[in-house]
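Count the sequence shown with the working numbering and you get residues 1 to 112, in order. Below is one structure; the comments refer to it alone.
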Amino acid sequence: MRLKREIIDAGGATLSQRERIIEVLMASSEPMSVDDIARHLEMDPSESREIYEHLEHVARTVRAKYGKTLLMEPPQCRKCGYVFRDLRKPRKPSRCPSCGSEWISPPRFIIR
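Have a look at this one:
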């Protein structure tokens with residue numbers, strides 16, 4: 001059974017994890033990686049896969065509810081500079097298709 005994590009904001013309303021992600025990204029002046037988001041939400045870094053899943057829904061929510069866009073700075077190989085522009089879903093690739101390196105910078109996100 002999966003428990004839904006919730007916190008209470010200053011106004012007394014309960015915020016879902018997705019709402020908390022939206023708040024963090026809207027308050028940020030710089031793009032944030034999933035690890036940065038997890039740190040701000042005081043989550044275990046091993047739950048990064050869950051954050052990637054939430055980001056797909058966050059993109060739809062911010063467009064419909066706030067008229068804003070979730071932007072993704074694509075991951076990039078730190079060895080050869082290859083940029084992963086054609087990702088269908090937000091994720092950190094495991095290897096570079098160009099040089100085979102595993103030294104990949106993660107995607108970073110911001111809401112504008």
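Note that CB positions come from ideal geometry on N, CA and C, so glycine has one too. Predicted model, so just to flag it, every value in this text is computed and none were measured.
Residue i, buried or exposed, once every other Cβ within 10 Å from all chains shown has been counted against 16
| i | result |
| --- | --- |
| H54 | buried |
| C80 | exposed |
Residue closest to residue i, alpha-carbon to alpha-carbon, out of the options
| i | options | result |
| --- | --- | --- |
| P74 | R49, F109 and L41 | F109 |
| C77 | A59, E19, K92 and W103 | W103 |
| Y82 | S94, S98, L71 and G67 | S98 |
| R88 | K79, C80 and M72 | M72 |
| P90 | R63, G67 and V58 | V58 |
Spatial neighbours of residue i in its chain, beta-carbon cut-off 8 Å, leaving aside the 5 residues before and after
| i | result |
| --- | --- |
| D35 | P45, S48 and P106 |
| G100 | none |
| V24 | M32, I37, H40 and L41 |
Euclidean distance between Cα positions of residue i and residue j
| i | j | result |
| --- | --- | --- |
| I21 | L41 | 8 Å |
| R95 | R85 | 14 Å |
| I51 | S16 | 12 Å |
| T69 | M26 | 10 Å |
Neighbourhood of residue i by C-beta distance below 6 Å, restricted to the same chain and skipping five residues each side
| i | result |
| --- | --- |
| S29 | none |
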